[in-house]
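Q:
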Amino acid sequence: MFFISDMPVDSQGYVTPPGTILSVEAYMPFDENGYIAEGKYEISTTSGADFTLYYGELFDFLGMLFPMGTYASYIDEANTEYLGFATSGTMDVSGSNGYYDIEFNFTTEQGYNITGSYSGPLTIAGMPGKEEEEEEDGFSTLEGDYTLDLSNAVGYGSYYGDYYYTGGGNWYFVLEPSDGLTGDGLQVDLTGVGLDFNAGLPTDTYVAASTDYPEPGEYLVGYATSEGQLGGTLFIGGFDSMGYVSEFAPATEGDFNVTNHGDGTYTLSFSFLDDKGNTWDGEWTGEIIFDNYDTSSAGAPSRMSAGFRNNPITQSEKIEILKQNRLQPITLTSAKATGRKVVK
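Residue numbers (the UniProt record's numbering): 1 to 344.
#1: Quick one: grab the DSSP three-state call for T20.
#2: How would you label G157, buried or exposed, when you count the other beta carbons within 10 angstroms and need 16 or more for buried?
#3: With DSSP as the reference, label residue 347 as helix, strand or coil.
#4: Go through its chain and collect everything with a Cβ distance to P18's Cβ below 8 Å, but skip five positions before and after it.
#5: Starting from E103, trace the beta strand (DSSP E) both ways and give me its first and last residue.
#6: Please classify A199: does DSSP put it in a helix, a strand, or coil?
#7: What's the C-alpha gap between M42 and G34?
#8: Skipping 5 residues on each side, what residues in its chain have a beta carbon closer than 8 Å to that of A86?
#9: At which residue ranges does the segment 206-282 contain complete beta strand (DSSP E) runs of 3 or more residues, listed in the order of the chain?
#10: Skipping 5 residues on each side, what residues in its chain have a beta carbon closer than 6 Å to that of D92?
#11: Excluding five sequence neighbours on each side, which residues of the same chain lie with their C-beta closer than 7 Å to the C-beta of residue 430?
#12: Compare the beta carbon distance of T279 and L268 with 9 Å and say whether it is the shorter of the two.
#13: How is the beta strand (DSSP E) around S140 delimited, first residue to last?
#14: Going by the beta-carbon positions, is the gap between L273 and G254 smaller than 9 Å?
#15: How long is the line joining the alpha carbons of D212 and Y163, rounded to whole angstroms?
#16: Candidates T16, S271, F290 and Y118: which alpha carbon is nearest V174's?
#17: Could you tell me whether the segment 213-223 touches the segment 235-255, where touching means 3 or more Cβ pairs closer than 8 Å?
#18: Helix or strand or just coil, what does DSSP make of A49?
#19: Whole angstroms are fine: how far does the CA of Y82 sit from the CA of A335?
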């Protein structure tokens with residue numbers, strides 16, 4: 001299962017409408033190195049056969065409608081979503097070593113065409129050997145100890161309430177260069193003591209969480225998915241004009257100190273170890289503007305790590321994958337897509 005989008009993606013991994021997300025559920029043979037097979041893949045109503053694509057459909061799960069299989073989701077300027085489900089057509093894949101040329105030509109039940117192409121990397125999670133190699137080698141780009149240059153950084157973030165069901169408020173925020181290019185950045189995902197959004201990010205010394213669900217006073221350690229998405233607490237740098245980064249390092253242990261000055265400004269200081277034994281540290285004082293997206297009543301989406309499997313995933317597992325990537329259930333009316341996050 002993978003996603004392709006023609007929309008720009010911001011530093012948090014969220015797409016910016018208008019544009020289209022193509023969701024593809026494919027049954028792909030692969031070699032001993034985990035690279036998918038070249039060839040022609042065809043929409044099929046029978047799941048599980050090699051070189052087939054599962055047709056698009058709406059799946060009713062406990063009264064919620066989820067788009068499944070192969071389909072296109074167009075999101076307009078007003079964040080209204082329009083869905084087209086592929087019921088016939090083909091996808092041609094060529095290339096090797098993780099880099100591919102993909103051309104697709106699908107047709108919906110109503111006779112509309114969904115066509116396009118993509119050229120670039122396509123790393124599939126759960127392939128044998130891939131995740132183990134990445135975990136062993138680490139993904140930090142640092143080659144030694146490093147102090148972040150946050151002199152040009154500005155801060156913004158979001159509050160998600162008891163997102164992790166651990167009794168504290170989840171605060172996610174990013175420091176980025178004010179001009180988009182000059183200097184370094186920082187991404188933080190932590191759980192504070194208390195659930196008072198109006199009081200702001202709590203003053204505390206935060207330590208690394210030992211699980212994917214930080215307790216109050218803990219931050220989520222940095223991670224990278226095999227699709228190239230970064231999450232948790234990280235150094236980010238090497239920004240280009242599109243907002244992409246080429247330098248990064250996870251926080252795997254260390255202290256993160258927060259002082260809330262009570263006026264919307266904060267002083268942050270930190271010293272972390274990355275996954276290669278390098279120390280990265282820094283400090284910053286300034287305003288962080290938080291938006292309130294308290295979703296604690298809905299709970300945190302599962303953080304699935306898809307392991308190697310020989311059998312097709314179940315419908316409920318597909319729903320969990322969609323939730324992990326911020327893809328939400330839809331209603332019979334046009335759905336909003338403000339939370340769409342696409343694997344890049």
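Yeah, the Cβ is synthetic: ideal placement off N, Cα and C, and Gly gets one too.
Every value quoted in this text rests on a predicted model; they were computed, and no experiment measured them.
A: According to the data block:
#1: The answer is strand: DSSP assigns T20 an E or B state.
#2: Answer is buried; the Cβ neighbour count reaches 16.
#3: This structure cannot settle anything about residue 347, because the visible part of the chain is limited to 1 through 344.
#4: Here the set comprises M7, Y74, I75, D76 and E77.
#5: Unbroken beta strand (DSSP E) run through E103: Y99 to T108.
#6: It is helical.
#7: Correcting the residue type first, residue 42 is Glu in the shown sequence and not Met. Their backbone Cα atoms lie some 21 Å apart in a straight line.
#8: The residues are I43, L53, Y55, G56, G69, T70, Y71, A72, F106, T107, T108 and I114.
#9: Fully enclosed beta strand (DSSP E) runs of 3 or longer: 234-237, 247-250, 253-260 and 265-273.
#10: Once the five neighbours on either side are set aside, the close Cβ partners of D92 are K40 and E103.
#11: Past the boundaries of the shown model lies residue 430; the chain is included only from 1 to 344, so the question cannot be answered.
#12: No, the pair does not count as a contact, with Cβ atoms beyond the cut-off.
#13: Here S140 belongs to no beta strand (DSSP E), and DSSP marks it neither H nor E.
#14: For L273 and G254, yes; Cβs fall inside 9 Å.
#15: If you take the alpha carbons of D212 and Y163, they lie about 12 Å apart.
#16: When each option's Cα is compared against that of V174, the closest is F290.
#17: As far as the Cβ criterion goes, the segment 213-223 touches the segment 235-255, which means the pair count is three or higher.
#18: Three-state result, A49: coil.
#19: Residue confidence is low: A335 scores 25 on pLDDT, short of 50, so the model does not pin down where it sits. Its coordinate-derived value is still stated next. Their backbone Cα atoms lie some 8 Å apart in a straight line.
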